[in-house]
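Those letters in the sequence shown? Residues 60 to 1007, per the numbering used here, in order.
Just below is one structure, and these are the notes that go with it.
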Amino acid sequence: MQTSSDRHEYPAHWEADVVLRDGGTARVRPITVDDAERLVSFYEQVSDESKYYRFFAPYPRLSAKDVHRFTHHDFVDRVGLAATIGGEFIATVRYDRIGPSGTPASAPAEEAEVAFLVQDAHQGRGVASALLEHIAAVARERGIRRFAAEVLPANTKMIKVFMDAGYTQKRSFEDGVVRLEFDLEPTDRSLAVQYAREHRAEARSVQRLLQPGSVAVIGTGRTPGGVGRSVLGNIRDAGYTGRLYAVNRSFADDLTDLDGVPAHRSVRAVDGPVDLAVVTVPADQVPEVVAECGEHGVQGLVVVSAGYADSGAEGRERQRALVRQARTYGMRIIGPNAFGIINTSPEVRLNASLAPEMPRPGRIGLFAQSGAIGIALLSRLHRRGGGVTGVTGVSTFVSSGNRADVSGNDVLQYWYDDPQTDVALMYLESIGNPRKFTRLARRTAAAKPLVVVQGARHGGVAPQGHAVRATRLPHATVSALLRQAGVIRVDTITDLVDAGLLLARQPLPAGPRVAILGNSESLGLLTYDACLSEGLRPHPPLDLTTAASPDDFHAALSRALADDTCDAVVVTAIPTVGEGPAGDAALAEALRSAAAAVPAKPVLVVHVELGGLAEALSAAASTAPQAPPPAEPRRPAPAEPGADTAPERPEPREAPAPGDDTRLIPAYPAAERAVRALAEAVAYAQWRRDAGDPGKVPEYDDIDEKGAAEQIAGYLARGQGLTLGAAETCELLGRYGIDVHRALPAPDPDEAASAARTIGYPVALKATAPHLRHRADLGGVRLDLADEEQLRRAYAELTELFGKPAELRPVVQGMAPRGVDTVVRAVIDPAAGAVLSFGLAGAATQLLGDTAHRLIPVTDRDATSLIRSVRTAPLLFGWRGSAPVDAPALEELLLRVSRLVDDHPEVVAVTLEPVVVAPHGLSVLGASVRLAPPPARDDLGPRTLPAY
C-alpha cells in the first residue's frame, strides 16, 4: 500500500500501465517513502556509466540523504515516477520545480528540472519515452509549463529521448553540458510522435502473441478430451513451426511427452523460453499459473478459462485481479473466456484455439469478441459451397472473449502493418474507447478495408465481461461516425463475410455504374432492382439466354469490362441442363480469364443452386489446404530501435496485377447479397478518394475566441453545470458570428404589443412551454401578425386553447424569410467526443431518425456532405420546383458551431432550432447552450492501458 508524502495525498490517478516498444508492459506510478529499499536495489543494478551520465560524476551508491530526497515528494513541486515490472523499479524520472535563477521554487513558478535513470537491461525498450509522457502530464496538472534538462554530450540516448518528443524546445551548450528547454504544451508533432509510439508498441504486443517462437498449453488433460487437450491437439495438427509444450501439475513425475509433445508439471520446468501460454485450467487455479508464467518470462497469455466477468460480480473482481497480476509481470492477455487465436502464415501455422480445423490461408483478418460468432465466421469462410463460396482464407484470427486486456484497437494496430492482411473483419459487441477506435479505423481504412458488424446494438448495455465507458449516443449515431471514419458498417455476419470476400480479392470499383449479364432474364432483373435499391446505377441487364455457352459468357464479360461507362460487372448464372461439373468448370474458367484481362474492375457472380460453379470459381486459383512445407522453429525478431516517427503507411492495394493467380471471383447465392456487398465497396471506394482531400477547418476573422473564453469562465464560476439564459446564449453565440433572432417575453397582451412595437411588425407569437416548444403542428405558433389587432386576437386564441400565459410562456419574435426549417445540434459525448448533428425540423424527421452526424472539428468538406447526407436533403435543393436554399450559408453555420465547441470544450451542448434556411441567408430562431467542465480527454494525455 502506498503512503502519502509531505504535503499532498498520494495521487493514485497517476498510476498507469503502459505498453513498451518491444510489446511488453510496465507499470508507472509515483515514488513514495515506502520505496526506499526498491530504490537502493534498483540503483545497485545500474551500470557505472549510466550513474555517471545521471550525476555527472562517479556515484557508486546512494547515501541515506539521497534515498530520503528521492523518495520524499510533495507531489506538487517535487515529483518522482517509477516504471516497475514485477514490483521492482526498472526506471525512474523526477522533476523539481525551479525559479528563474535555477534554484528550488514553489508555485506559481512554471519551470522544473527533469532527470531520468533507466536500468541498462531495459534501455532501448522505450521506457524513458513513456516516462517523459507521464511526467509531462503530471507537470501540466501541477501548473508547470516548461522542463529543463542538463545532459552530458556523450549521453546521446537521453538527448534523443528529449529531441524526439516533439515538443517546442531550445538547445544550448555551456560548461561542457547540453542544456535542453522545452515547452510542455502538446503540439501536433508531439501528438504524432505519441501516436506513432503507441502504434509500434501495441502492434508489437499483438505480434508477440500471434507469432510466438514457443507455446505452452497449461492444463492439458492426462486423458483424451477436454479443452486443454483439444487446444494442444489443434496446435500440433496445424503444423506449428515453433516449440510446443504440454503442462499439467498432475502429470506423473516420469511422464516426458504427451501425444508426442514434451510434457512438464510446471512451466518453470521448461528448459528454454516460453513466448505464449494458453491457459485452460479452472479459474481458481489461474493466479498460480500466471505467477509461474511471469517468473519464467512468458510474454503473453491466451486465457481460455471461463468464470470471470462473464459470471457476475465475483467474477468481475477475479478478472480485474487477473489483469493486474499479468501486467505486474509485463504480460498481455487475450481473454479470459477466449476462443483462441490463429495465424495461418506458413512461417507460424498456429491454431491455438478451439477450432478443430486450421482455416485456409488467405488475406482476411478476423476479430470476434464472441467465441460463438468466431466459430460462425470461421465456418462461413471455410465452406466452399452452400452459399458464399470459400474463395479466400484467413491470415489471422483473434477471439478476445471478455476483452479484459487486448482489444480490437490493439489488433487494428497490428493489422495496419501486417503484409499478410488485406481486409479486416470485426465482430464487436462493445467499443471500449470509441474515440481511439475511430482514429485507428480512419488510418486503417485509408490503407485497407475495415468491415464491422456490431452486436448488442439495441440492448443498451455492454455484454457481461466487457468494461466500457458509457455513451449517451444512440447506435445510429455511432454507426454514422464509424462510416465517417471509413468503416464499412454492416448489420449481420452474413453481410460481413459477403463484403469481406469481395474486398479481399477484387479491386475497388471506380464508381457506381454496374453492368449485368447472364443466362437468366429474371435473375438479371432482380439484380437490376437490387442495384437501384442500393443507390447504384445499373445498365439494363444483358440476357444471354439459357443457351449461352462459356464462350458467350467470356465474350459478354470481356465487352462489359472494356466499356468505359461500366465500373463493375455482376454475372448471373443458372444451371445448364446436362452440362454437369465439366460445364461448371468451363464457365468458371471463361469468367476468370475474361476478368483477368481487365484487372481494374470488380466482377461478382450470382448463382442459383449451382454449387459446382461456386467450387469451380474457387478452384480457378485454389486456396485449398496444401501440405505444409517444412519450416524451422523460429522466434520473432526483436523490435528494431529507431526514431519515433509516424509509421509508414502500407501501400493500398488497388487491384491485382494482370495474370495474378490471387484474382478470385466471389460467388453469391442471391442477387441482393452480391449487390449489397458491391454497394459497400462502391461507398468505401468513394470514401478513399475523398479521404485524400479531407478539406480544412476555415478561419473566420469575426470570431472572438478570447472573449468567449472569458464569458464561459465567468458563467462556470457560478456553478459546475448550467444552461444559459436567452440573453447569455445570444451573447455567446454572437461572439462566433451566430446571430439569433431576438425574442421578447410576452407575459400578457400589453407586454406582447409593446414587444411587437420594439421589434417591428410583422411578428410571430410562440408558446415556449416544453410541451409546445418546436411543435408548430400543435398550434402553439401564430405567424405573420401584421398589426396589434391581429397580435391581440392571436394571444387570446392561444390562451383559450392552451391555458394561462404563465403555463404557455409566450414570446414575440420578428418574422424571418420563408425557407426550410432545420435543426443543428452539437454535443460532447464522454466516450465518442464532440459530435455535430444536422437534420430537418419536424415530427416526421424525428420519427424516421433522419439525422446526419460528423465528428468535431468539422472541415468544409464535412459540412458540405453533412447537409446532403439526410434522406430529406432534396427539400433543400429545389425538390418539385421549390427554390433551392442558401446551402453555403447553412454550411458556414455548421462550421461556426463546430469551431465554438472545438475551441471551448466547456460548451457541452448546443441546440439551434429551428434554423430557417431561405434562398438567400438563414435565420436562427431558437438556441440553447449548456456549459459544464469538459470530460477528460484521455487521447491527449500520455499513453496508458485501460485501468483495472
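Ideal Cβ placement from N, Cα and C applies to all residues, glycine included.
Because the structure is a prediction, the values reported are computed rather than measured.
Specify, as a first and last residue, the run of the alpha helix (DSSP H) that Q253 falls within.
That run of the alpha helix (DSSP H) goes 247-269.
Which residues does DSSP pair with Q13 in a beta bridge?
Residue 13 lies beyond the range of the chain shown here (60 to 1007); nothing can be said about it.
Ignoring anything shorter than 3 residues or poking outside the segment 365-435, list the beta strand (DSSP E) runs there in chain order.
The DSSP assignment places complete beta strand (DSSP E) segments of no fewer than 3 residues inside the segment 365-435 at 391-393, 399-402, 409-412, 420-427, in order along the chain.
Quick one: what does DSSP say R801 is sitting in, helix, strand or coil?
Note: R801 maps to coil in three-state DSSP.
Under three-state DSSP, which class holds Q872?
Looking at Q872 - three-state DSSP - the assignment turns out to be strand.
Beta-carbon proximity check, V879 vs V944, cutoff 8 Å
Going by C-beta atoms, V879 is nearer than 8 Å to V944.
Could you please give the first and the last residue of the uninterrupted alpha helix (DSSP H) stretch that includes P808?
Going by DSSP, P808 is part of the alpha helix (DSSP H) stretching over 808-818.
Continuous beta strand (DSSP E) stretch holding A305: start and end:
First-last of the beta strand (DSSP E) with A305: 302-306.
Which class does L121 belong to by DSSP, given the choice of helix, strand or coil?
It is coil, neither helix nor strand.
According to DSSP, P597 sits in a beta bridge with which residue or residues?
Per DSSP, V573.
T881 in three-state terms, based on DSSP
The three-state secondary structure of T881, taken from DSSP, is strand.
Are T503 and K755 close, meaning C-beta to C-beta below 8 Å?
For T503 and K755, no; Cβs fall outside 8 Å.
Among the residues of its own chain, which have a CB less than 8 Å from the CB of P992, if the five just before and after it don't count?
Listed in chain order, the non-local C-beta contacts of P992 below 8 Å within the same chain comprise L775, Q779, G780, E965, local neighbours out to five positions each way being set aside.
Classify P508 as buried or exposed, calling it buried when 16 or more other Cβ atoms lie within 10 Å of its own Cβ.
Burial call: buried.
Complete beta strand (DSSP E) runs within the segment 822-847 (minimum length 3 residues, chain order):
Runs found: 822-826, 840-844.
Between the C-alpha atoms of P689 and S106, what's the straight-line distance to the nearest angstrom?
Residue placement at P689 is flagged as unreliable, the pLDDT there being 43, under the threshold of 50; the coordinate-derived value follows with that caveat. A direct Cα-to-Cα measurement between P689 and S106 gives close to 44 Å.
Contact under 8 Å by Cβ, R33 with E240:
As shown, the chain starts at 60 and ends at 1007. That puts residue 33 outside it, with no answer to give.
First and last residue of the uninterrupted alpha helix (DSSP H) at P947:
Per DSSP, the continuous alpha helix (DSSP H) segment holding P947 begins and ends at 946-962.
Coarse secondary structure for F456, derived from DSSP in three states
F456 carries a strand assignment under DSSP once its states are collapsed to helix, strand and coil.
Which runs of the alpha helix (DSSP H), 4 residues or longer, sit entirely within the segment 732-786?
Look at the segment 732-786 and you find these whole runs of alpha helix (DSSP H), each 4 residues long or longer: 764-775.
Can you tell me whether T151 is buried or exposed? The criterion is at least 16 other CB atoms within 10 Å of its CB, across all chains shown.
Looking at its Cβ environment, which holds 16 or more other Cβ atoms inside 10 Å, T151 is buried.
Tell me the rounded alpha-carbon separation between A828 and E866.
A828 and E866: Cα-Cα distance of roughly 7 Å.
Using DSSP's beta-bridge definition, name the partner residues of T143.
Beta-bridge pairing links T143 to R86, F148.
DSSP state of F310, grouped into three classes?
Note: F310 maps to coil in three-state DSSP.
What residues in its chain sit with their C-beta under 6 Å from that of S941, if we drop five residues either side in the sequence?
In the same chain as S941, and ignoring 5 residues on each side of it, no C-beta atom comes closer than 6 Å to its own.
For T970, report the span of its beta strand (DSSP E) as first-last.
Counting along the chain, the beta strand (DSSP E) containing T970 begins and ends at 966-976.
Are the beta-carbon atoms belonging to A645 and G577 less than 8 Å from one another?
No, the Cβ-Cβ distance between A645 and G577 is not below 8 Å.
Using 8 Å as the threshold, is the segment 874-890 in touch with the segment 856-865, meaning 3 or more CB pairs across them?
Counting Cβ pairs under 8 Å, fewer than three are found: no touch.
Which residues does DSSP list as the beta-bridge partners of H666?
Note: H666 sits in a beta bridge opposite A632.
With burial defined as no fewer than 16 other Cβ atoms inside 10 Å of the residue's Cβ, what is the status of H912: buried or exposed?
Result: buried.
I need the DSSP call for H355, collapsed to helix, strand or coil.
Note: H355 maps to helix in three-state DSSP.
N396 and N461 - do their beta-carbons sit closer together than 8 Å?
Yes, the pair counts as a contact, with Cβ atoms nearer than the cut-off.
Of the listed residues A744, T455, F206, H830, nearest to D477 (C-alpha basis)
Nearest option by C-alpha distance: T455.
For G185, which beta-bridge partners are listed by DSSP?
Beta-bridge partners of G185 (DSSP): none assigned.
Within its chain, find whatever has a CB closer than 8 Å to the CB of V960; leave out the 5 residues flanking it on each side and keep chain order.
Contacts found: A885, I887, A893, L895, I915, V966, V969.
So, at 6 Å on beta carbons, what are the nonlocal neighbours of V337 in its own chain, with the 5 sequence-adjacent residues on each side left out?
Around V337: V276, V290, V361, A411.
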